[in-house]
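Protein sequences appear in the order of chains W and Z. Start counting at 1 in the first sequence, then tack on 247, and there's your number in this note's numbering. Start counting at 1 in the second sequence, then tack on 198, and there's your number in this note's numbering. Step one of this worksheet: look at the structure below.
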Amino acid sequence: MARIELAGVGKRFGSVETIRDVNLDLHDREFVVFVGPSGCGKSTLLRLVAGLEDVSAGEIRFDGEVVNELTPPERGIAMVFQSYALYPHMSVYENMMFGLKLAKTDRAAAERRVREAARILQLDRLLDRKPRELSGGQRQRVAIGRAITRDPRVFLFDEPLSNLDAALRVQMRIEIAKLHRRLDATMIYVTHDQVEAMTLADRIVVLDAGEVRQVGTPIELYQHPANRFVAGFIGSPKMNFLPATYPKGIAIPHEAVEVGVRPEHLRLGEPADASVEGRVLAVERLGAESWVYVDLGLDDPLVVKHAGMADLPPEGAVTVGLPAEACYLFDGQGRSLPRAAFG
Amino acid sequence: MSRRTRRRLGRVGFYLLMALIVLYAVFPFYWAIVSSFKPGSEMFRIDFFPPPNLANYYAVFAEQPFGRNILNSLIVASAVVVLSLALGLLAAFALGRIRFRGRSLLLFTILGVSMFPQVAVLSGMFELVRALGLYNRLPSLVLSYLIFTLPFTVWVLTTFIRALPKELEEAAIVDGAKPFTIVTRVFLPLLGPALITTGLLAFIAAWNEFLFALTFTLSGEQRTVPVAIALISGASAYELPWGNIMAASVVVTVPLIVLVLIFQRRIVSGLTAGAVKG
Numbered sequence: 248m249a250r251i252e253l254a255g256v257g258k259r260f261g262s263v264e265t266i267r268d269v270n271l272d273l274h275d276r277e278f279v280v281f282v283g284p285s286g287c288g289k290s291t292l293l294r295l296v297a298g299l300e301d302v303s304a305g306e307i308r309f310d311g312e313v314v315n316e317l318t319p320p321e322r323g324i325a326m327v328f329q330s331y332a333l334y335p336h337m338s339v340y341e342n343m344m345f346g347l348k349l350a351k352t353d354r355a356a357a358e359r360r361v362r363e364a365a366r367i368l369q370l371d372r373l374l375d376r377k378p379r380e381l382s383g384g385q386r387q388r389v390a391i392g393r394a395i396t397r398d399p400r401v402f403l404f405d406e407p408l409s410n411l412d413a414a415l416r417v418q419m420r421i422e423i424a425k426l427h428r429r430l431d432a433t434m435i436y437v438t439h440d441q442v443e444a445m446t447l448a449d450r451i452v453v454l455d456a457g458e459v460r461q462v463g464t465p466i467e468l469y470q471h472p473a474n475r476f477v478a479g480f481i482g483s484p485k486m487n488f489l490p491a492t493y494p495k496g497i498a499i500p501h502e503a504v505e506v507g508v509r510p511e512h513l514r515l516g517e518p519a520d521a522s523v524e525g526r527v528l529a530v531e532r533l534g535a536e537s538w539v540y541v542d543l544g545l546d547d548p549l550v551v552k553h554a555g556m557a558d559l560p561p562e563g564a565v566t567v568g569l570p571a572e573a574c575y576l577f578d579g580q581g582r583s584l585p586r587a588a589f590g
Numbered sequence: 199m200s201r202r203t204r205r206r207l208g209r210v211g212f213y214l215l216m217a218l219i220v221l222y223a224v225f226p227f228y229w230a231i232v233s234s235f236k237p238g239s240e241m242f243r244i245d246f247f248p249p250p251n252l253a254n255y256y257a258v259f260a261e262q263p264f265g266r267n268i269l270n271s272l273i274v275a276s277a278v279v280v281l282s283l284a285l286g287l288l289a290a291f292a293l294g295r296i297r298f299r300g301r302s303l304l305l306f307t308i309l310g311v312s313m314f315p316q317v318a319v320l321s322g323m324f325e326l327v328r329a330l331g332l333y334n335r336l337p338s339l340v341l342s343y344l345i346f347t348l349p350f351t352v353w354v355l356t357t358f359i360r361a362l363p364k365e366l367e368e369a370a371i372v373d374g375a376k377p378f379t380i381v382t383r384v385f386l387p388l389l390g391p392a393l394i395t396t397g398l399l400a401f402i403a404a405w406n407e408f409l410f411a412l413t414f415t416l417s418g419e420q421r422t423v424p425v426a427i428a429l430i431s432g433a434s435a436y437e438l439p440w441g442n443i444m445a446a447s448v449v450v451t452v453p454l455i456v457l458v459l460i461f462q463r464r465i466v467s468g469l470t471a472g473a474v475k476g
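Right, here's the structure in full:
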């Protein structure tokens with residue numbers, strides 16, 4: 248249970264600035280996901296919150312108390328690492344017990360907490376095993392169990408699912424969501440996978456090049472991206488961007504513009520408010536839907552998500568309709584232009 | 199020549215070469231054992247399987263304080279191993295895990311120490327030993343042996359510690375472990391194979407060392423095994439008691455072989471398996 252505030256937080260390694268002026272206010276018990284492309288600084292930001300790195304500028308506050316100078320255990324955090332980082336020479340039981348022993352927790356209470364965590368994560372029968380005798384998913388659960396037993400105020404996850412195969416990832420995603428409802432800790436979760444971000448988060452923080460690009464609920468980010476970066480990052484396949492000009496006679500506050508439209512909103516073969524003509528480059532049939540790549544003579548092909556099997560010959564001409572209500576407009580700096588401005 | 203004959207010939211050649219290497223490595227030791235069983239009169243008669251005659255062994259222990267010498271060697275070698283592993287581990291943690299100015303310079307200086315030949319440091323070491331009042335006492339040997347055991351202990355352990363995943367250390371930090379706890383409770387168990395290997399090498403180096411042991415000890419009671427063996431003398435200046443010398447060599451070689459055999463399996467085991475995904 249903790250409200251976490253970041254005020255003007257920055258981090259530099261030598262002359263490289265990896266985090267620049269981050270201001271965030273995370274509510275108590277919130278599930279916040281830091282998402283962004285690799286190298287955007289999301290893991291560094293998490294490590295700053297954890298206390299594994301010192302901030303170069305700004306303040307981090309837990310429940311109003313400045314924690315800049317506190318060590319990770321003093322901050323009351325627990326962390327699940329990407330590689331799990333289990334102690335290989337200790338059994339599952341000892342792994343979960345290690346932190347409690349160091350904290351000199353009362354023996355019986357510690358034992359109870361470990362058993363409880365093991366029960367929640369279905370590790371009861373594995374307590375005597377060594378990490379090398381466990382599967383990837385089980386190791387992941389031990390890593391989470393080790394974090395639970397610490398009864399932390401803040402739970403930190405650093406890309407915890409990226410080492411698991413696809414099926415297990417979905418299963419663990421659901422378990423983590425369940426865990427969040429069950430524990431009353433604030434959780435911060437770092438991932439580069441926007442599906443994980445969309446499904447788990449109460450709020451998402453999109454980071455790029457060490458800066459926060461937008462903070463909001465998954466639906467807000469999907470429906471009202473603040474800029475071209477967020478628009479392109481959230482959603483799969485990613486949003487299409489088309490160069491555009493204003494019709495003559497409209498007073499334009501911005502010069503260059505781009506129209507953004509999501510693949511799922513494009514209409515294949517039926518004209519809409521606006522239409523473009525192109526040539527089919529490729530069709531990827533996924534069963535329930537098909538992704539159609541249409542060459543418009545631009546750098547990138549237009550991607551259309553079509554429900555069902557799109558039965559189109561390659562190289563064939565095709566019309567794609569753009570419904571006006573699903574289009575976004577971005578100015579030369581990549582900022583999202585409000586709809587009212589041209590409505 | 200068909201493929202099959204060629205392959206067969208190749209295999210024969212391989213085993214011949216193997217046999218040659220084994221012979222080259224093992225024959226001197228075998229010859230030492232054989233010689234140690236022969237009384238002086240038969241020493242120069244070629245006899246590959248003499249009846250075991252333990253007279254030389256009795257003589258070695260009777261004519262000088264050889265038991266005491268072995269004990270000295272054991273004390274010195276064990277102290278060297280314990281000290282160099284303890285110091286090496288702490289140094290390796292700092293050198294492998296903590297970033298500070300001049301770290302690689304320090305590492306190379308440590309390595310540089312081991313490049314000086316022993317004779318070069320002998321006189322300086324002698325002055326130091328005298329100044330510390332350690333002359334003709336075992337601690338002088340422990341102190342001087344650390345010169346050549348510490349550099350490689352530090353280097354090997356630093357390499358191993360660097361290879362341990364950083365997240366493991368961070369997990370321990372999050373669990374509330376202080377640096378000393380991390381070294382002793384997390385790193386130490388994982389470094390087992392590395393500690394055994396370097397410890398064994400340090401033990402062998404200390405067990406075999408001759409020059410410092412000869413220079414820093416005076417009385418027979420304080421000698422270590424290599425010096426004691428070298429100073430075994432016969433009845434007259436013209437006689438070298440080969441039988442006694444061989445018996446003594448066999449006695450002090452056996453412990454080393456046993457040690458290597460005991461630990462050889464641990465040396466190769468991969469303890470970190472399962473630490474990080476896999």
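Even glycine gets a Cβ: it sits at the ideal position worked out from N, Cα and C.
If we count the other Cβ atoms within 10 Å of its Cβ and call it buried at 16 or more, is Z/F212 buried or exposed?
As a first step, residue 212 of chain Z must be located in the second sequence, where it is residue number 14. So Z/F212 counts as exposed.
Applying a beta-carbon distance threshold of less than 7 Å, which residues of chain W neighbour Z/A361?
Your numbering for residue 361 of chain Z matches position 163 in the second sequence. Within chain W, no residue comes near Z/A361; the closest Cβ sits about 13 Å away, beyond 7 Å.
Take W/H274 and list the residues in its own chain whose beta-carbon comes closer than 7 Å to its own, dropping the five residues that flank it on each side.
Mapped onto the first sequence, residue 274 of chain W falls at position 27. Closer than 7 Å at the Cβ level, and outside the excluded window around W/H274, lie R250.
If the criterion is Cβ atoms closer than 7 Å, does the pair W/I266 and W/G457 meet it?
Residue 266 of chain W sits at position 19 when you count from the first residue of the first sequence. Residue 457 of chain W sits at position 210 when you count from the first residue of the first sequence. It is a contact, given that the beta carbons lie within the stated cut-off.
What did DSSP end up calling W/P383 once you bin it into helix, strand or coil?
In the first sequence, counting from the first residue as 1, residue 383 of chain W sits at position 136. It should be noted that the sequence gives Gly, not Pro, for residue 383 of chain W. In the structure shown, W/G383 sits in a helix (DSSP, three-state: H, G or I).
If you measure beta-carbon to beta-carbon, which residues of the region 364-392 of chain Z are closer than 7 Å to chain W?
Listed by position along the chain: E365, L366, E368, A369, I371, V372, D373, G374, A375, T379, V384, P387, L388.
Which residues, taken in chain order from the region 375-400 of chain W, show a beta carbon closer than 7 Å to some beta carbon of chain Z?
Answer in chain order: K377, P378, R379, G383.
Take Z/A446 as the anchor and find which of Z/A260, Z/S200, Z/F225 has the nearest alpha-carbon.
Indexing the second sequence from 1 puts residue 446 of chain Z at position 248. Ranking Z/A260, Z/S200, Z/F225 by Cα distance to Z/A446 puts Z/A260 first.
In angstroms, rounded to a whole number, what distance separates the CA positions of W/L543 and W/R526?
On the first sequence, position 296 is the one that residue 543 of chain W refers to. On the first sequence, position 279 is the one that residue 526 of chain W refers to. Their Cα atoms are separated by approximately 7 Å.
Tell me whether the region 344-358 of chain W and the region 371-388 of chain W touch, counting them as touching only if at least three CB pairs, one residue from each stretch, are closer than 8 Å.
No, the region 344-358 of chain W does not touch the region 371-388 of chain W.
Would you please verify whether the beta carbon of W/M326 is less than 7 Å from any beta carbon of chain Z?
Your numbering for residue 326 of chain W matches position 79 in the first sequence. True, the Cβ-Cβ gap to chain Z drops below 7 Å.
Does Z/W405 pass the burial test, meaning 16 or more other C-beta atoms within 10 Å, or should it be called exposed?
Position 207 of the second sequence, counted from the start, is the residue given in the question as residue 405 of chain Z. Classification for Z/W405: buried.
W/V530 to W/V565, Cα distance in whole Å?
Mapped onto the first sequence, residue 530 of chain W falls at position 283. Mapped onto the first sequence, residue 565 of chain W falls at position 318. Their Cα atoms are separated by approximately 12 Å.
According to DSSP, simplified to helix, strand and coil, what is Z/M444?
Counting from 1 along the second sequence, the entry for residue 444 of chain Z is found at position 246. It is helical.
Between Z/R204 and the ligand COA, is the CB less than 6 Å from at least one heavy atom?
Of ligands this structure carries none, so the ligand COA is not represented either.
Nearest-angstrom Cα distance between Z/P363 and Z/A370?
Here residue 363 of chain Z corresponds to residue number 165 of the second sequence, with the count starting at 1. Here residue 370 of chain Z corresponds to residue number 172 of the second sequence, with the count starting at 1. Cα to Cα, the separation comes out at about 12 Å.
Can you say whether Z/I455 is buried or exposed, counting buried as having 16 or more other CB atoms within 10 angstroms of its CB?
Position 257 of the second sequence holds residue 455 of chain Z. Per the 10 Å Cβ criterion, exposed.
Measuring only between beta-carbons, confirm whether W/P319 sits less than 7 Å from chain Z.
Numbered from its first residue, the first sequence carries residue 319 of chain W at position 72. By this cut-off, W/P319 is an interface position.
Who does W/T438 pair with in a DSSP beta bridge?
In the first sequence, residue 438 of chain W corresponds to position 191, counting from 1. W/T438 pairs with W/V282.
Residues of chain Z with CB under 9 Å from W/L271, in chain order?
Here the question's residue 271 of chain W lines up with position 24 in the first sequence. Ordered by position in chain Z, no residue passes the 9 Å Cβ test against W/L271, which lies about 21 Å from the chain.
Does DSSP put W/D272 in a helix, in a strand, or in coil?
Here residue 272 of chain W refers to the residue found at position 25 of the first sequence. Here W/D272 sits in strand by DSSP.
Under the rule that 16 or more other beta-carbon atoms within 10 Å means buried, what is W/N487, buried or exposed?
Your numbering for residue 487 of chain W matches position 240 in the first sequence. Per the 10 Å Cβ criterion, buried.
W/D314 and W/V452 look like a contact to me (Cβ under 8 Å); what is the Cβ gap, rounded to whole Å?
For the purposes of this step, residue 314 of chain W is identified with residue 67 of the first sequence, where counting begins at 1. For the purposes of this step, residue 452 of chain W is identified with residue 205 of the first sequence, where counting begins at 1. Residue 314 of chain W is actually Val in this sequence, not Asp. About 19 Å; that fails the 8 Å criterion.
So, Z/T422 versus Z/S271, is the Cβ gap smaller than 7 Å?
Residue numbering aside, residue 422 of chain Z sits at position 224 when the second sequence is read from its first letter. Residue numbering aside, residue 271 of chain Z sits at position 73 when the second sequence is read from its first letter. A contact, by the Cβ cut-off of 7 Å.
Ignore the nearest five residues each way along the sequence and tell me which others in W/A357's own chain have a CB closer than 8 Å to its CB.
The residue labelled residue 357 of chain W in the question sits at position 110 within the first sequence. Hits under 8 Å: M344, L347, K348, T396.
Cβ atoms of W/A332 and Z/G374: under 7 Å apart, would you say?
Residue mapping note: residue 374 of chain Z aligns to position 176 of the second sequence, counting from 1. Residue mapping note: residue 332 of chain W aligns to position 85 of the first sequence, counting from 1. Not closer than 7 Å, so no.
When you compare only the Cα positions, how much space is there between W/G590 and W/T492?
For the purposes of this step, residue 590 of chain W is taken as the residue at position 343 of the first sequence. For the purposes of this step, residue 492 of chain W is taken as the residue at position 245 of the first sequence. Per-residue confidence for W/G590 stands at a pLDDT of 40, beneath the threshold of 50, marking its modelled position as unreliable; the derived number appears in the next sentence. One C-alpha to the other measures close to 16 Å.
List the endpoints of the continuous beta strand (DSSP E) containing W/G463.
The residue you call residue 463 of chain W lines up with position 216 of the first sequence. Residues 458-463.
Considering W/Y540, what are the terminal residues of the beta strand (DSSP E) in which it resides?
Position 293 of the first sequence, counted from the start, is the residue given in the question as residue 540 of chain W. Element bounds for W/Y540: 536-542.
Give me the subset of the region 293-322 of chain W whose CB atoms are less than 8 Å from a CB atom of chain Z, sorted by chain position.
Per Cβ criterion, the list reads A297, L299, T318, P319, P320.
Roughly how far, in whole angstroms, is the beta-carbon of W/S522 from the beta-carbon of W/L569, given that I think they are within contact range, below 8 Å?
Within the first sequence, the letter at position 275 stands for residue 522 of chain W. Within the first sequence, the letter at position 322 stands for residue 569 of chain W. Their Cβ separation, rounded to whole angstroms, is 7 Å, which keeps W/S522 and W/L569 in contact under 8 Å.
Using the rule of at least 16 other Cβ atoms within 10 Å of the residue's Cβ for burial, across every protein chain shown, is W/Y575 buried or exposed?
Here residue 575 of chain W refers to the residue found at position 328 when the first sequence is read from its first residue. Answer is buried; the Cβ neighbour count reaches 16.
With burial defined as no fewer than 16 other Cβ atoms inside 10 Å of the residue's Cβ, what is the status of Z/E368: buried or exposed?
Working through the second sequence from its first residue, we reach residue 368 of chain Z at position 170. Answer is buried; the Cβ neighbour count reaches 16.
What in chain Z is Cβ-close to W/F345, meaning under 7 Å?
Numbered from 1 along the first sequence, position 98 holds the residue referred to as residue 345 of chain W. The contacting residues are D373.
Taking CB distances under 7 Å as the criterion, tell me whether W/A414 reaches chain Z.
Taking the first residue of the first sequence as 1, we reach residue 414 of chain W at position 167. Closer than 7 Å: no.
My guess is that W/L403 and W/A254 are in contact by the Cβ rule of under 8 Å, so how many angstroms apart are they, rounded?
By one-based count along the first sequence, residue 403 of chain W stands at place 156. By one-based count along the first sequence, residue 254 of chain W stands at place 7. Their Cβ separation, rounded to whole angstroms, is 19 Å, which puts W/L403 and W/A254 out of contact at 8 Å.
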